[in-house]
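Student: With this note's numbering as the guide, the letters of the sequence shown map in order to residues 0 to 444. Every residue, glycine too, gets a C-beta built ideally from N, C-alpha and C. These figures come from a predicted structure and were not determined experimentally.
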Amino acid sequence: MSSRLVAVTCPSCGLSKSVPFDQCPPDATVTNCPKCKTTFVFSRDAASLQAPPPLEQAAPPKAAGTTEASAPRQCPKCGYERKESDAVFDAASCPKCHVVYAKCTAPEVSAAAAKISGIVRPVNAGTLIYHREHTLFTIHAVVALIYWVGLVFVTKGAFLFALPALLVALLVGQSALIAHLKGNGIKLSPTQFPDLYDRHVRCCKALGLADYPDAYLINGSGFLNAFATRFLGRNFVVLFSNTIQAMSDRPDAINFYIGHELGHIKQKHLQWAPFIWPVSLLPLVGAAYSRAREYTCDQFGRACCDSTESALKGLIALSAGEKLWSEVNIDAYLEQTAHSSGFWMSLHELISDYPWLVKRAARINNPFVAPPPRSLFAWIFALFMPRMGVGGSAAGVLVTVAIIGILAAIAVPQFAAYKAKAQNAQMRSMQMNVPPLGKMAPRQP
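1) By a C-beta neighbour count over all protein chains shown, 10 Å radius and 16 as the cutoff for buried, is Pro59 buried or exposed?
2) Within this structure, are the beta carbons of Phe255 and Ser306 separated by less than 8 Å?
3) Rounded to the nearest angstrom, what separates Thr137 and His130 at their Cα positions?
4) According to DSSP, Asp213 sits in a beta bridge with which residue or residues?
5) Name, in chain order, the residues that DSSP records as bridge partners for Gln191.
6) So, with DSSP's three-state summary, where would you put Ala225?
7) Starting from Leu4 and walking both ways along the beta strand (DSSP E), at which residues does that stretch end?
8) Nearest to Leu514 by CA position, among Ser345, Pro385, Ser351, Gln266, is which residue?
9) What did DSSP end up calling Pro19 once you bin it into helix, strand or coil?
10) Looking at the secondary structure, which residues open and close the alpha helix (DSSP H) in which Lys181 lies?
11) Can you give me the C-alpha to C-alpha distance between Leu159 and Asn31, rounded to a whole angstrom?
12) What does the alpha-carbon distance come out to for the pair Asp197 and Ser15?
13) Quick test of the definition: if touching needs 3 or more C-beta pairs under 8 Å, does the stretch 166 to 186 touch the stretch 278 to 294?
14) Keeping to the same chain, check which residues put their C-beta closer than 6 Å to that of Pro106; ignore five residues upstream and five downstream.
15) Have a look at Trp324, Phe299, Ala319, Gly341 and flag the residue whose alpha-carbon is nearest the alpha-carbon of Gln266.
16) Rounded to the nearest angstrom, what separates Ala195 and Leu208 at their Cα positions?
17) Work out the CA separation of Asn328 and Arg201 for me, nearest whole Å.
18) Can you have a look at Leu135 and say buried or exposed, based on whether 16 or more other CB atoms are within 10 angstroms of its CB?
19) What is the DSSP secondary structure of Glu80, counted as helix, strand or coil?
20) Could you check the C-alpha separation between His139 and Gln270 for me, to the nearest Å?
21) Measure the Cβ-Cβ separation of Ala360 and Tyr332 and say whether it is below 8 Å.
22) Return the Cβ separation of Ser240 and Leu216 in integer angstroms, given the expectation that the two are a contact with Cβ distance under 8 Å.
23) Grab me the residues of Ala143's own chain with a C-beta within less than 6 Å of its C-beta, minus the 5 sequence neighbours each way, in chain order.
24) Can you tell me where the alpha helix (DSSP H) with Val278 in it begins and where it stops?
25) Closer than 8 Å by C-beta to Leu206: which residues in its own chain qualify, once you throw out the five before and the five after it? Chain order, please.
26) Identify whether Ser92 lies in helix, strand or coil by the three-state DSSP scheme.
27) What does DSSP give as the partner residues of Gln298 in its beta bridges?
28) Are Trp324 and Ala245 close, meaning C-beta to C-beta below 8 Å?
29) If you follow the alpha helix (DSSP H) that Gln73 is part of, which residue opens it and which one closes it?
30) Compute the Euclidean distance between the alpha carbons of Met384 and Ser17, then round it to the nearest angstrom.
31) Report the three-state DSSP secondary structure of Phe136 (helix, strand or coil).
32) Start and end of the alpha helix (DSSP H) containing Leu356?
33) Let's see if you can read the secondary structure: which residues bound the alpha helix (DSSP H) around Lys312?
34) Going by the beta-carbon positions, is the gap between Gly313 and Ala252 smaller than 8 Å?
35) By the DSSP assignment, the alpha helix (DSSP H) with Ser240 in it spans what residues?
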């Protein structure tokens, strides 16, 4: 009996190859096209739609406790008729209008808890970027350009002479972090934590990063997190030791942390940060762009995981901690998203750099889910409140102090010069009003 074949089709150039079902990995995996070198995610369950098993061959038995998503032939919302070539897209959503089939066929299930099985879309920025990030970045770039040009005109070019001092201050502040990282951290390599280094390299390849950032492991001191930084044109990814230890039972979830930070590098968030920094101080728009970047990078982290559940477990660990994350009921956790639309929840999210974790989890589980609407009054109040955590790190505070110092250094001498000119003008005016000695009026007795 011949083995069942599934078609692996490149979404970029259309190259298709037939691979035996038994040789395909059970979960979604990252692969490269041998022709155009495009990186994309392949799932044998979704790809099997292109090559149904012969009639004389029985389908392989389904593992206990697993469910397989079936794609309707016609979308119940827009009427789009699914084609065989659409197997590269999610089997649980329409390739045209992106509606989740479960939302139309099972309305009793909330949108946040509607599972998407087998993410098979290509791993590229176009499909992973949050839909509002480009718009918010454009606003930041335009306003920042006006700010910097205006600053040069207001200071009559003096700011350009002070700019090197500002850059040196930033360089010194950033160098302290890098020095601490290289002096106290552990650099990942083929001989130093090779398994973790291999995960880092595979995530870089999956996201199309040719220049692999240096990866370091540092003592998390009880915190679960990771971050990316940049120094002198070189990018760095830093993992906290507690994160690695917490995910020992689910190592695939480590890819979520790595992919998330690589997303910041892929999208050049670190490179643009100094230029658009002034706009990040503005209410609403500054925090909104920060949250948009987090949503985008969550999708990059999801794309690096073999399953959506691994990415969710990795994110949920930030809520439950390094020991209890495995006991969290994911469906119940996703249902908490419905409670994030009140006034206080909306207000504090609008002035925060990060979305609520439950909302991030809902978008990881279903990238097309519509978030609960925020309170209108929260928008009004947030317009008059400063963004919390300006700059996102100590570097933002350093920049603030540096710019205030530079402006003060420019303004104080100018004020002293204007004051001296005013005093001289007042003295000349008094001299002009004094009559000559020969024409002075006689003093009254």
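Tutor: In short:
1) Unreliable positioning characterises Pro59 in this predicted model, as indicated by a pLDDT of 46, which lies under 50. The coordinate reading is nonetheless provided below. With fewer than 16 Cβ atoms within 10 Å of its Cβ, Pro59 is classed as exposed.
2) no
3) 13 Å
4) In DSSP, Asp213 forms a bridge with Phe235.
5) Ser188
6) strand
7) 4 to 8
8) Outside the shown range of the chain, which is 0 to 444, sits residue 514, and nothing can be said about it.
9) Strand.
10) 157 to 183
11) 47 Å
12) 28 Å
13) No: fewer than three Cβ pairs fall under 8 Å.
14) At Pro106 the pLDDT is 43, less than 50, meaning the model places this residue with poor confidence; the figure from the coordinates comes in the next sentence. So no residue of the chain qualifies.
15) The option with the nearest alpha carbon to Gln266 is Phe299.
16) A small correction: the amino acid at residue 195 is Leu; Ala does not occupy that position in the sequence shown. Computed Cα separation, rounded: 17 Å.
17) 29 Å
18) buried
19) strand
20) 14 Å
21) If you check the CB distance, Ala360 and Tyr332 come in under 8 Å.
22) The pair is a contact, with the Cβ atoms about 6 Å apart (cut-off 8 Å).
23) Phe274, Ile275, Pro277, Val278
24) Run containing Val278: none; DSSP gives neither H nor E here.
25) Excluding positions up to five away in sequence, the list reads Thr38, Val122, Gly258, Leu261, Gly262, Lys265, Phe299, Ala302, Cys303.
26) In the structure shown, Ser92 sits in a strand (DSSP, three-state: E or B).
27) According to DSSP, Gln298 bridges with nothing at all.
28) Contact flag set, yes.
29) Element bounds for Gln73: n/a, residue is neither H nor E.
30) 58 Å
31) helix
32) 356 to 364
33) 307 to 319
34) yes
35) For Ser240, the uninterrupted alpha helix (DSSP H) segment begins and ends at 240 to 245.
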